[in-house]
Structures are given as structure tokens and as C-alpha cells.
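Here is the structure we will look at.
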Amino acid sequence: MKKIILTLAIALFTCGAYAQYNAGTSTTSQTDMFGNTTTTHRDAYGRVTGTSTTGRTDMFGNTTTTHRDAYGRIIGTSTTGRTDMFGNTTTTDRDAYGRTTGTSTTGRTDMFGNTTTTRRDAYGRTTGTSTTGRTDMFGNTTTTHRDSYDHTTGTSTTGQTDMFGNTTTQQRSNNGGQIWTW
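Numbering (our numbering), first residue to last: 318 to 499.
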């Protein structure tokens, strides 16, 4: 009996140490007639916290996403350029005034099917990474987020597209806070 209680206590402690909190969802809709795709962000209680609208790729190969808060005010943009000769794709984030706040560089997929994005602040210092694995047998794709010290801060799991053309990503945080930029 003592062994069972001890085992259960250890199991509960271990699970508690790796607990993740619901940090919200991001739902991406179908592309509209103008070529725009909108992602709606919600918090853990289902309240809309903002949107991100991605337009068509321009003649230079750049794709811009405009981020808005819950009231529709523009809070920033993210511009993704063409993939370079090394297979890297860089996204530049700017605030509402056009000042660069950071970059995210996505490399090639490795031999294990993982793709890593490295995030840097406005001064080029690495602030963290996000590693996306292969899609599992249920059609889910999980991205693991880490900080600059390589500590896991949360995960994002994207499911299959539903019958209405919407794709939902479930955000989970290790510390109860938000884990994405916008």
C-alpha cells in the first residue's frame, strides 16, 4: 500500500511539473476573394484578442501580415520575404509605427522532418526558437516553443482543416501566459 501511494505521489508531482495551461486558440479561415487570409486569436476563455490578416504575395516576393487588436486597431505587421539561396526564410516584425521589433528565420526541414524557426529581437539577439515536427497520424502538427535558454515555454498544435475550411491551432503555455508575439 505504501508503494502504491508513493508511486501515485511521484506520478502526480511529475505531471504537475510538466503541466501546460490553455493559452488560447488561433483559427485561420479560407482565403477570401481578394486573396486575404484572416486568423482570429482567442484567449483561454474564448474572447477575441486580435486578428492577423495575410495578403497576397507582392511582385517582389514579399507577403505581409497585418496584426490588429480586439478593437481593430493595427498593432503591427510581419513581412515574409523570399527564401534565400541557403533555404532560409526571414520574417521581419514591425510595430504600428513601422519600427522593427524583431525577426524570425525559418531554416530547411532536417532529416527528421523538423523545421526550426529562430526568433531575434531588434538588436539581433536570439530570444527563442520554435520547432515544428512532422504531422502525426491524426493530422495534427505540433510546434514546440523554447526561450533563449532552451527551456520549453509552450506548444502550438494545429489540427486538420474542418469542413468549412477553417484550421484551428491550440496554444498551450508552460507558465500560464501567452507564448506567441501577437
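Cβ coordinates follow ideal geometry from the N, Cα and C atoms, glycine included.
Secondary structure note for T368: its beta strand (DSSP E) is the uninterrupted segment 365 to 371.
The shortest CA-to-CA distance from M376 to any of G393, A387, I391, T397 is the one to T397. About 5 Å separates the CB atoms of T452 and T458; that is less than 8 Å, so the two are in contact. Here H358 is buried: its Cβ has 16 or more other Cβ atoms, across all protein chains shown, within 10 Å. Taken through DSSP and simplified to helix, strand or coil, R416 comes out as coil. Considering only T417, T472, F481, Q477, the residue with the shortest C-alpha distance to S490 is T472. Shown here for T382: same chain residues with a beta carbon closer than 7 Å to its own, the five before and five after excluded, namely S369, T370, T371, T394, S395 in chain order. Around G482, the same chain offers S346, Q347 as residues with beta carbons nearer than 8 Å, after the five sequence neighbours per side are excluded. Within the DSSP secondary-structure output, Q488 pairs in a beta bridge with G341, S473. Within the same chain, Cβ atoms closer than 7 Å to the Cβ of R385 are found at G367, T368, I391, I392, the five residues on either side in sequence being excluded.
By the 16-neighbour rule on beta-carbons within 10 angstroms, S465 is exposed. In the structure shown, T400 falls within a coil segment according to DSSP collapsed to helix, strand and coil.
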